[in-house]
Amino acid sequence: MTLTINTNISSLIAQRSLNSATKSLNQSLERMTTGYKINHGSDNAAGYSIANQWSTKIGSLDVAADNAATGADLLSTAEGTYSLLSEHLQRIRDLTEQAANGTYASASLKAIHSEIYSRLDEINRISANAEFNGIKLMQYIEDGNPKGVGMTGNGINLQVGLYSDADSVINLDVSLFKSASVSGLFGKSQTTTVVNRTTRGDKDPVEDLTLEQVLKGAGTTTIGNLDTEDELRQFAAACCGLYFESAGEDTAASNSEYTLLSDKALDWGASAMLGFIDNAIDEIASRVTRIGAAQNRVNSAISAIEVQSQNLTSSLSTLRDTDVAEESSNYIQAQILQQASASLLATANQSPQIALNLI
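Position one of the sequence shown corresponds to residue 391 (the working numbering), numbered consecutively onward.
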């Protein structure tokens with residue numbers, strides 16, 4: 391190689407090697423400190439784009455899992471409330487069966503009536519106040535007119551997927567949120583078979599009566615939606631085999647006065663109400679069963695989301711995360727090359743001085 395003074399090729403080579411080693415050292419240092427081997431688009435353009443897409447999906451899957459878990463909590467709230475309603479109905483049935491025994495005088499039957507009325511009123515209160523985050527859970531009416539914030543004619547949609555298609559949504563049918571008031575649990579048109587006590591002969595005569603017929607025979611109040619105090623008291627009277635007569639409306643004070651007339655006891659007795667109460671208990675059991683099925687589906691969605699998120703996270707880790715063992719070796723290699731290049735650059739910078747020996 392020609393010995394020159396103005397151009398030091400050896401120094402240029404050493405400088406290029408030093409710059410390359412320094413760049414590799416800085417890159418290894420960045421990868422180990424961030425934990426990612428793709429920090430910029432220039433590191434891996436295709437990988438950078440895929441990593442961003444997968445990161446977005448993982449974040450969305452976390453939200454979807456939270457959505458499903460919230461939906462499960464909503465269903466659990468409804469199921470727990472139905473447990474309370476079942477307890478009240480079971481107690482009403484016990485009291486009705488007790489009143490049907492025929493060993494209780496008017497005073498005892500009136501005491502039973504008082505508790506039954508209180509429990510019916512409590513059923514209406516509980517169902518009216520059952521809600522989750524402002525959504526009424528037991529106020530949907532059969533005719534298609536929803537009540538309460540957040541309820542639609544299609545029920546509630548849980549967003550448990552990444553997209554806007556039907557496969558990303560679980561619909562909680564509106565039937566899960568039907569009215570659970572007394573009127574919602576006891577249909578006026580439902581029938582039961584009863585025995586008429588006053589016309590018994592060798593063979594007990596039976597007849598099919600609707601709930602509305604039985605309630606009308608238990609008092610003077612016109613049966614509507616079973617929401618008013620008079621209607622609930624008349625319902626309780628039917629459970630006791632009594633006749634309820636509301637006070638007259640000629641004075642303001644009389645509106646809150648009621649009379650139970652045991653001498654006008656129902657011909658078919660309190661036992662006539664047992665079938666209707668059993669129907670209401672079965673209705674709650676049916677609703678809880680449907681809620682349980684919906685809970686299983688939501689829980690399955692949560693498990694599927696967790697598996698999908700786990701697999702996607704594993705793929706993202708393979709694509710983006712730094713292999714520390716490999717990168718630490720690269721770091722040491724770059725560090726050694728940097729030090730060697732720096733030493734050789736110092737030597738190369740002294741090479742032109744050899745020309746002085748020839749002058």
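Heads up, the beta-carbon is just placed ideally off N, CA and C, and yes, glycines get one too.
In this text, all values refer to a predicted model and were calculated from it rather than measured experimentally.
Put residue i into one of helix, strand or coil per three-state DSSP.
i: residue 639; result: Any reading at residue 639 must be qualified, since the residue scores a pLDDT of 44, below 50, and its modelled position is unreliable; the value itself is stated next. Coil at residue 639, not helix or strand.
i: residue 402; result: helix
i: residue 438; result: helix
i: residue 609; result: strand
i: residue 592; result: Reliability fails at residue 592, whose pLDDT of 48 lies under 50, so the model's placement of it is uncertain and no value is given.
i: residue 604; result: helix
i: residue 644; result: Its pLDDT being 42, under 50, residue 644 is placed unreliably by the model, and the measurement read from it follows with that caveat. In this structure, residue 644 counts as helix in the three-state DSSP scheme.
i: residue 649; result: strand
i: residue 582; result: strand
i: residue 722; result: helix
i: residue 536; result: Confidence is the limiting factor: at residue 536 the pLDDT is only 48, short of 50, which leaves the residue's position unreliable and the question unanswerable from this model.
i: residue 557; result: helix
i: residue 747; result: helix
i: residue 576; result: coil
i: residue 428; result: coil
For residue i, which residues does DSSP report across the bridge?
i: residue 530; result: 568
i: residue 619; result: In DSSP, residue 619 forms no bridge with anything.
i: residue 597; result: 584
i: residue 546; result: 562
i: residue 634; result: 609 and 650
Measuring CA to CA, which of the options is closest to residue i?
i: residue 734; options: 392, 395 and 401; result: 401
i: residue 445; options: 747, 721, 711 and 719; result: 711
i: residue 473; options: 517, 500 and 498; result: 517
i: residue 698; options: 723, 552, 576 and 565; result: 552
i: residue 502; options: 737, 678, 625 and 611; result: 625
i: residue 508; options: 664, 737 and 617; result: 617
i: residue 615; options: 602, 608 and 609; result: 602
i: residue 609; options: 597, 455 and 633; result: 633
i: residue 510; options: 562, 462, 576 and 681; result: 576
i: residue 703; options: 443, 490, 486 and 584; result: 443
i: residue 684; options: 565, 554, 427 and 714; result: 565
i: residue 726; options: 546, 410, 570 and 397; result: 410
i: residue 453; options: 558, 581, 681 and 569; result: 558
i: residue 531; options: 573, 598, 438 and 481; result: 573
i: residue 483; options: 672, 737 and 738; result: 672
i: residue 657; options: 749, 458, 428 and 597; result: 597
i: residue 543; options: 567, 741 and 679; result: 567
i: residue 721; options: 584, 419, 405 and 662; result: 419
i: residue 495; options: 748, 664, 692 and 652; result: 652
i: residue 428; options: 706, 678 and 556; result: 706
i: residue 424; options: 717, 728 and 743; result: 717
i: residue 669; options: 620, 730 and 582; result: 582
i: residue 605; options: 659, 649, 562 and 569; result: 659
i: residue 563; options: 680, 431, 403 and 406; result: 680
i: residue 422; options: 747, 462 and 715; result: 715
Which whole-angstrom value is the C-beta distance of residue i and residue j, which I expect to be below 8 angstroms?
i: residue 513; j: residue 475; result: 6 angstroms
i: residue 520; j: residue 709; result: Between residue 709 and residue 520 the Cβ distance is about 48 angstroms, and since that is not below 8 angstroms, they are no contact.
i: residue 724; j: residue 415; result: 4 angstroms
i: residue 695; j: residue 451; result: 6 angstroms
i: residue 469; j: residue 485; result: Residue 469 to residue 485, Cβ: 25 angstroms. No contact.
i: residue 667; j: residue 479; result: 6 angstroms
i: residue 600; j: residue 527; result: Not really, about 29 angstroms apart at Cβ, beyond 8 angstroms.
i: residue 489; j: residue 631; result: 6 angstroms
i: residue 546; j: residue 691; result: Wrong, their Cβ atoms sit about 14 angstroms apart, outside the cutoff.
i: residue 741; j: residue 398; result: 6 angstroms
Does the beta carbon of residue i fall short of 7 angstroms from some heavy atom of the ligand GTP?
i: residue 629; result: In the structure on display, the ligand GTP does not appear, and there are no ligands present to speak of.
Alpha helix (DSSP H) runs contained entirely in the segment 655-713, provided each spans 4 or more residues: List check, alpha helix (DSSP H) in window: 662-710.
Could you tell me which whole beta strand (DSSP E) segments of length 3 or greater appear in the segment 454-518? Runs of the beta strand (DSSP E) inside the segment 454-518: none found.
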